[in-house]
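Right, one structure below, let's go through it.
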Amino acid sequence: MGDATSNIFADSKTYYSTGSNSLNVSNARQVRSFAFIIDVEETKRLLLEQEDTDGDCQITIQDSGPKTISVGTADSDGYRKFEIRGTYQLSNLLQELALAAGHGRKHVVLDEARLNENPVDRLSRMIRNLFWDGLTRRIDAEGLEAICADPKNRTADHSPRIYIPYGEDEIFAYYKWVSETRPHLKLEVEMLPKDITPEYVKSINDRPGILSLAMRKHIDDQGNVTFKGVPFIVPGGRFNEMYGWDSYFEILGLAVDSRIDMAKGMVDNFVYEITHYGKILNANRSYYLTRSQPPFLTDMAMKVYERLPDDDQLKKDWLKIVIRAAIKEYHTVWMCEPRYDSDTGLSKFHPTGLGIPPETEASHFDHVILPYAKRLGLTIKEYAAKYQALEIQEPELDSYFLHDRAVRESGHDTTYRFDKRCANLVTIDLNSLLYKYEVDIGEIILRIFNNQFDLDDGTIETSEPWFERALARKERINKYLWNEEKCLYYDYDISQQKQSIYESVTGFWALWAGCASPEQAEKLVSLPKFEVLGGLVSGTEESRGPITLDRPNRQWDYPFGWAPHQIMTWRGLENYGYMTDARRLAYRWLFTITKSFVDFNGVVPEKYDVVTLSHLLKVEYGNVGVDFKFVPREGFGWMNASYQVGLSYLTSHMRRALGACTSPEVFFKHKVTKDVPAVPLEITSVSEHQRLKALVLEIDQNLASSPTASDSNTVDATVIKDDTPPVK
22 MGDATSNIFA
32 DSKTYYSTGS
42 NSLNVSNARQ
52 VRSFAFIIDV
62 EETKRLLLEQ
72 EDTDGDCQIT
82 IQDSGPKTIS
92 VGTADSDGYR
102 KFEIRGTYQL
112 SNLLQELALA
122 AGHGRKHVVL
132 DEARLNENPV
142 DRLSRMIRNL
152 FWDGLTRRID
162 AEGLEAICAD
172 PKNRTADHSP
182 RIYIPYGEDE
192 IFAYYKWVSE
202 TRPHLKLEVE
212 MLPKDITPEY
222 VKSINDRPGI
232 LSLAMRKHID
242 DQGNVTFKGV
252 PFIVPGGRFN
262 EMYGWDSYFE
272 ILGLAVDSRI
282 DMAKGMVDNF
292 VYEITHYGKI
302 LNANRSYYLT
312 RSQPPFLTDM
322 AMKVYERLPD
332 DDQLKKDWLK
342 IVIRAAIKEY
352 HTVWMCEPRY
362 DSDTGLSKFH
372 PTGLGIPPET
382 EASHFDHVIL
392 PYAKRLGLTI
402 KEYAAKYQAL
412 EIQEPELDSY
422 FLHDRAVRES
432 GHDTTYRFDK
442 RCANLVTIDL
452 NSLLYKYEVD
462 IGEIILRIFN
472 NQFDLDDGTI
482 ETSEPWFERA
492 LARKERINKY
502 LWNEEKCLYY
512 DYDISQQKQS
522 IYESVTGFWA
532 LWAGCASPEQ
542 AEKLVSLPKF
552 EVLGGLVSGT
562 EESRGPITLD
572 RPNRQWDYPF
582 GWAPHQIMTW
592 RGLENYGYMT
602 DARRLAYRWL
612 FTITKSFVDF
622 NGVVPEKYDV
632 VTLSHLLKVE
642 YGNVGVDFKF
652 VPREGFGWMN
662 ASYQVGLSYL
672 TSHMRRALGA
682 CTSPEVFFKH
692 KVTKDVPAVP
702 LEITSVSEHQ
712 RLKALVLEID
722 QNLASSPTAS
732 DSNTVDATVI
742 KDDTPPVK
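Convert by adding 21 to the 1-based position in the sequence shown; the result is the number in my numbering.
The following block contains the structure:
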């Protein structure tokens, strides 16, 4: 604002309740340099009437209004008029009016700088001050007020319900109290059995509910001891549950924005899930009890640990709890059947659910069930009921639904990469993540816990077995997933005993995890397959295949781009010293986000067509985050994170160009296409492979010099001898 006591770019609550906006607007002339006196409701009415020609309560480049409106200046008490022009400033005006109305303001003094703010600064500020709060949820009495109105199920029983883990008697009593004291919720409270089997989960699919998460004791205003849910970030505004791999990327964004308490709480919620539900869940809904998602716990834990206040013992105590949970998850989820494949020694997505996945809309699988129903002269509904009741046995459908669930466990629902075969694939993404688990756990034990880590049962873990596991997994990844001829990692189909031919951008996850050699990294970076105008596509057009009426687009295929793939690739390139490539890709992605933000009333959606730079997509599940009135209040979780993280990759020159919405074609002087290879940088950092080798040798030397060392404890460093060329 114009006075010294206020910040023009403060969050909306502060801006519309302090400084000049805490005064009567008649005093605005005394305190404003260049600002406007605004009648909130009347200006909003005129703005929408004149500019929102398609009636969607947004002002975008698709509207055909005159794109100008007159407002009174503050220094003339509204007498002199000033023209606000263009889609971006008019949409910002609409957003500010909606925010002011939300804070109960009827008249405001509005700085011009808030309307023509650099779009990069404005979007980053909105993510930091508005979007994260809009995506925050808690599972407790207050949180259930919203959650109970969101049953998310396809059954006739829409009763709100919460399931409590076995043995959590105090928490069960709390939610019974919530049910009794808030009868309008009509909340049903049930306790889960000690052993949660696939059969049990199927038996409650007609009574779906939310699953409780971690809670903290709290003293209320009357001095009573009660509970508050540990808050978390949801993927988008329509969600009310905490999702698995979304949360990792959200935590990266929260870390950039210094919201470490929220990030730590989300890790605590995952520890709670592993402790009580046996795994990090797809999301905390009852029908997800048999399904996990890509594992990121060790890296997210370290991202939080590194930013916690400097109290070594408290930090270490917290980290110990998390790593114990990660070790349990590693052994009991990813390294045992059915997710572990003993032939390859690698892991796959293979959830244990039974029957028809209940979280989809009722007609989602009609086209699948129809031919089987016709064969028996039944309606789709009749056939589905008999199939669910096991009155009909159909192995083909069992297989179909197994692979469908596996696709959802992978997080990539859906894609032709996994179509009708996901549970048969050991994938590069999952095994890169597990390699990172093994390295992370080994390093944490070695560096933070002095190579002595005690588990809950008193067993002492050391780092050597974890490094051995990582080295063995790297060898298997090279054997089964790396294709030297095509210079890319592929999934391996265990049923056909050969590599899949689908080219996926998740091959770059090997760089994020550090399991590629510098030579492999150089070959990957030289590939032009995935880079397009707006960033990285999920897979190649050739791999996806032709699109027809009977074979529609899938959202995790070409031409769509997703935030997780961008972030993982940037970090992977950074690990191997390819910062020029990382910055270029970050610029492309951030341009896609910024251009839509400027042209479409501040929209930040779930995904983009990165070939045409459009968020207006005709694809399954639509595009979450585009349907809002007046002002976006949530964006989308991992998209928000990708923006905040991506800005850290840009030089000041790149950030200025982005603020001016300079197209990548102009900024990089040429358009990168499939026919133009990227030019890799020389590698300037030591690869993960060499670092791991050095750690193993260090452990070997320490053990050899130890008076208690024995041959059985010595790591054989020859396992990695030596496919690694010298670092340039």
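Glycine included, each C-beta is placed from N, C-alpha and C at the ideal position.
Which same chain residues, not among the five before or five after residue i, have their C-beta less than 7 Å away from its C-beta?
| i | result |
| --- | --- |
| residue 137 | 110 |
| residue 271 | 254, 658, 659 and 662 |
| residue 290 | 234, 235, 251, 253 and 263 |
| residue 29 | 22, 132, 134 and 135 |
| residue 726 | Model confidence at residue 726 stands at a pLDDT of 47, short of 50, so the residue's coordinates are unreliable and nothing is read from them. |
| residue 321 | 269, 272 and 288 |
| residue 83 | 75 |
| residue 679 | 141, 608, 611, 612, 615 and 671 |
Which whole-angstrom value is the C-beta distance of residue i and residue j, which I expect to be below 8 Å?
| i | j | result |
| --- | --- | --- |
| residue 575 | residue 436 | 5 Å |
| residue 668 | residue 676 | 7 Å |
| residue 226 | residue 265 | The pair is not a contact, with the Cβ atoms about 20 Å apart (cut-off 8 Å). |
| residue 619 | residue 140 | 5 Å |
| residue 501 | residue 365 | 5 Å |
| residue 589 | residue 551 | Residue 589 to residue 551, Cβ: 12 Å. No contact. |
| residue 394 | residue 401 | 5 Å |
| residue 636 | residue 624 | 6 Å |
Tell me, please, which residues DSSP counts as bridged to residue i.
| i | result |
| --- | --- |
| residue 750 | Given that the chain is displayed from residue 22 to residue 749, the structure contains no residue 750 and the question cannot be resolved. |
| residue 237 | 249 |
| residue 56 | 132 |
| residue 504 | 509 |
| residue 106 | 89 |
| residue 621 | 81 |
| residue 94 | 57 |
| residue 279 | None, per the DSSP bridge assignment. |
| residue 361 | 368 |
| residue 210 | 183 |
| residue 264 | 304 |
| residue 73 | Paired residues: none, contrary to the question. |
| residue 630 | 581 and 635 |
Taking the alpha carbon of residue i as the point to measure from, which residue in the options has its own alpha carbon closest?
| i | options | result |
| --- | --- | --- |
| residue 518 | 561, 460 and 445 | 445 |
| residue 150 | 213, 60 and 277 | 277 |
| residue 578 | 547, 471 and 433 | 433 |
| residue 326 | 218, 336 and 547 | 336 |
| residue 106 | 98, 100 and 92 | 92 |
| residue 368 | 523, 377, 305 and 452 | 452 |
| residue 248 | 354, 397 and 161 | 161 |
| residue 297 | 167, 450 and 185 | 185 |
| residue 564 | 354, 439, 395 and 419 | 439 |
| residue 631 | 616, 477, 239 and 84 | 616 |
| residue 210 | 218, 219, 216 and 199 | 199 |
| residue 684 | 647, 633 and 362 | 633 |
| residue 568 | 559, 580, 558 and 557 | 580 |
| residue 220 | 459, 294 and 376 | 376 |
| residue 566 | 523, 655 and 58 | 523 |
| residue 380 | 228, 285, 421 and 391 | 228 |
| residue 441 | 450, 419 and 458 | 419 |
Spatial neighbours of residue i within its chain, please: C-beta separation below 6 Å, excluding the five flanking residues on both sides.
| i | result |
| --- | --- |
| residue 454 | 315 and 316 |
| residue 621 | 81 |
| residue 698 | Low per-residue confidence applies at residue 698: pLDDT is 34, beneath 50, and the placement is therefore not dependable enough to give any value. |
| residue 521 | 511, 512 and 514 |
| residue 483 | 472 |
| residue 495 | 536 |
| residue 113 | 136 |
| residue 65 | 118 |
| residue 706 | In this prediction, residue 706 scores a pLDDT of 37, lower than 50, which makes its location untrustworthy; the coordinate-derived value is nonetheless stated afterwards. Hits under 6 Å: 598. |
| residue 709 | With a pLDDT of only 48 at residue 709, under 50, the local geometry of the prediction cannot be trusted, and the value read off the model is given with reservation. So the qualifying residues of the chain are 535. |
Any beta-carbon of chain C closer than 8 Å to the one on residue i?
| i | result |
| --- | --- |
| residue 134 | Although the question refers to chain C, the structure presented lacks it and comprises just one protein chain. |
Return the chain-ordered list of same chain residues with a C-beta closer than 8 Å to the C-beta of residue i, the five sequence neighbours on each side being excluded.
| i | result |
| --- | --- |
| residue 34 | 124 |
| residue 280 | 153 |
| residue 640 | 573, 574, 575, 576 and 581 |
| residue 88 | 72, 106, 107, 108 and 111 |
Identify every run of the alpha helix (DSSP H) within the segment 110 to 189, keeping only runs that are complete inside it and at least 4 residues long; order them along the chain.
-> 140 to 147 and 162 to 168, all fully within the segment 110 to 189.
Which full runs of the beta strand (DSSP E) of 3+ residues lie inside the segment 402 to 445, going along the chain?
-> Whole beta strand (DSSP E) segments, 3+ residues: zero.
Just list the alpha helix (DSSP H) runs in the segment 544 to 605, keeping only unbroken ones of 4 residues or longer that don't cross its boundaries, in chain order.
-> Restricting attention to alpha helix (DSSP H) runs no shorter than 4 residues, the segment 544 to 605 encloses them at 562 to 565 and 584 to 596, ordered along the chain.
Could you give the uninterrupted runs of the alpha helix (DSSP H) lying entirely in the segment 281 to 312, keeping only those of 4 residues or more?
-> Unbroken alpha helix (DSSP H) stretches of 4 residues or longer found wholly inside the segment 281 to 312: 281 to 298, given in chain order.
Which residue spans inside the segment 449 to 482 form an unbroken alpha helix (DSSP H) run of at least 4?
-> Every unbroken stretch of the alpha helix (DSSP H) spanning 4 or more residues and falling wholly within the segment 449 to 482 is given here in chain order: 449 to 464.
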